């Protein structure tokens with residue numbers, strides 16, 4: 019409860035946030051340092067598990083690139099013949115001991131094909147890191163907008179509670195003067211209780227929104243949030259929109275990276291069809307005569323049961339699937355960009371409408387209703403209706419502005435450029 023009361027009392031510091039929404043003049047008090055969205059994204063990027071996982075993926079791909087470039091290890095061999103037999107081969111008198119080294123020799127460009135696969139996987143890992151960073155920015159942006167909107171809703175709730183208390187005092191004066199029935203005072207008291215309960219509710223929501231943001235960025239939030247993020251958007255610019263294109267976006271680059279890995283996989287499968295040679299130079303010692311002779315062996319597998327065709331067919335099928343997914347991704351991304359543009363434009367229109375003339379008219383109507391009620395020109399129901407309309411318009415304006423910022427963040431995520439250029443092979 020103490021934290022809740024502290025949040026309610028701190029709502030006064032949020033009044034400056036609401037003033038941009040209500041049109042009231044800002045005070046000249048010293049402003050607290052602003053914890054910006056860019057700072058929040060930077061802090062989240064350094065502590066997010068997704069970023070850590072992406073960096074680990076890059077490290078693993080680099081290690082895989084090193085492994086792919088290594089040659090096969092030589093094999094030490096030893097062999098003893100003509101022992102534990104009968105006659106002249108009894109014991110070790112006629113033993114022939116051979117020691118040597120077997121050296122595998124890769125043919126068909128296997129090492130280069132492995133390196134190509136590893137290079138493609140390394141590029142994909144770097145791209146996945148960029149995607150993780152873009153996803154983190156989108157997540158933090160949405161949480162930041164939610165927190166700013168929650169602060170503004172709290173400021174509005176505090177202001178509505180203040181107005182409800184003033185209305186209760188005015189109703190008491192009217193009742194004492196005999197100009198209104200006691201039911202007006204009771205009705206105003208109910209409105210006050212409801213408004214104060216709304217303050218507690220919005221304080222909990224604001225505290226939860228900040229806690230969610232702090233949890234995502236991995237540190238407590240020091241300073242006020244940037245309330246300008248929910249300022250009304252600029253006027254619409256009518257005109258033809260450029261055609262939506264997926265070229266250069268992160269999503270399409272990811273599909274291109276999968277296609278590059280599949281292409282390299284086909285090359286590796288073809289290279290693996292070529293049998294490798296194994297050569298074995300060595301020395302042989304003849305125990306009977308105590309002589310030494312050089313030996314040389316060579317072996318090559320016979321591709322009788324597994325000639326590699328099935329592996330090549332599998333790699334080609336994977337490549338076909340990757341190419342189909344590339345084309346599907348291009349269509350999906352372009353459609354998503356088109357939808358996101360419309361969503362952002364519609365959200366901007368609603369935000370301008372809710373925070374522009376409509377809100378100003380509701381504010382003026384509530385102001386006139388307050389003055390008229392105090393002077394006895396308007397009834398209490400007229401005042402309550404005007405106040406309720408103003409509160410709804412304020413909240414609707416905040417919701418519309420938050421929707422606009424979230425739509426912009428989603429559009430920026432869809433159109434985020436890949437860190438490295440890619441093209442369809």
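Numbering (the working numbering), first residue to last: 19 to 443.
Using N, Cα and C, we set each Cβ at its ideal position, and we do this for glycine too.
Note that the coordinates shown come from a computational prediction; the quantities given were computed from them, not determined experimentally.
Tell me which residue opens and which closes the beta strand (DSSP E) that residue 313 is part of. 309-317
What is the DSSP secondary structure of residue 124, reduced to helix, strand or coil? coil
Closer than 6 Å to a non-hydrogen atom of the ligand FMN - does that hold for the CB of residue 325? Here there are no bound small molecules, and the ligand FMN is not part of this structure.
Report, in whole angstroms, the separation of the C-beta atoms of residue 234 and residue 157, which I expect to be a contact under 8 Å. 6 Å
State whether the region 210-220 contacts the region 179-189, with contact taken as three or more CB pairs (one from each stretch) at a distance under 8 Å. yes
Do you know offhand how far residue 46's Cα is from residue 178's? Low confidence applies to residue 46: its pLDDT is 37, below 50, so where it sits in the model is not reliable, and the reading given next is rough at best. Using only the alpha carbons, I get a separation of about 23 Å.
CB contact flag (residue 69, residue 150, <7 Å): yes
If we call anything under 7 Å between Cβ atoms a contact, is residue 251 one with residue 369? yes
Which of helix, strand or coil does DSSP assign to residue 363? helix
Of the residues 345, 407, 174 and 430, which one's Cα is nearest the Cα of residue 277? 345
Residue 355 burial status per 10 Å Cβ neighbour count (16 or more: buried): buried
Restricting to Cα atoms, I'd like to know which of 99, 139, 109 and 95 is closest to residue 121. 95
As a quick exercise: from 379, 404 and 371, pick the residue whose alpha carbon is nearest that of residue 387. 404
Are the beta-carbon atoms of residue 392 and residue 188 separated by less than 7 Å? yes
How about residue 88 and residue 294: are their beta carbons less than 7 Å apart? no
Counting C-beta neighbours from all protein chains within 10 Å, is the total for residue 274 16 or more, i.e. buried, or is it exposed? buried
Would you identify the three-state DSSP class for residue 351, choosing helix, strand or coil? helix
In the DSSP assignment, find the alpha helix (DSSP H) that holds residue 415 and state where it starts and stops. 398-432
From the DSSP output, which residues share a beta bridge with residue 435? 267
What do you reckon, are the CB atoms on residue 165 and residue 228 nearer than 7 Å? yes
DSSP state of residue 296, grouped into three classes? strand
Say whether the region 400-415 touches the region 424-433, bearing in mind that this needs 3 or more beta-carbon pairs closer than 8 Å, one atom from each stretch. no
Presumed contact (8 Å Cβ cut-off) between residue 262 and residue 352, rounded CB distance: 4 Å
Can you name the residues that DSSP bridges to residue 117? 96 and 301
Since I believe residue 167 is in contact with residue 416 (beta carbons under 8 Å), could you give me their beta-carbon distance rounded to a whole number of angstroms? 5 Å
Can the beta-carbon of residue 245 be found less than 7 Å from the beta-carbon of residue 239? no
To the nearest angstrom, how far is the alpha carbon of residue 287 from that of residue 265? 30 Å
Using CA coordinates, which residue listed in 98, 373, 105 and 84 is at the minimum distance from residue 130? 84
Limits of the unbroken alpha helix (DSSP H) element including residue 65: 55-65
Quick one: is residue 204 buried, meaning 16 or more other Cβ sit within 10 Å of its Cβ, or exposed? exposed
Give the single residue among 74, 71, 154 and 280 whose Cα lies nearest to the Cα of residue 343. 280
For residue 262, the three-state DSSP class (helix, strand or coil): coil
Going by C-alpha distance, which of 73, 145, 197 and 161 is nearest residue 397? 197
Look at residue 379 and residue 408 and say whether their C-beta atoms are less than 7 Å apart. no
Would you check if there are 3 or more beta carbon pairs closer than 8 Å linking the region 324-340 to the region 294-304? no
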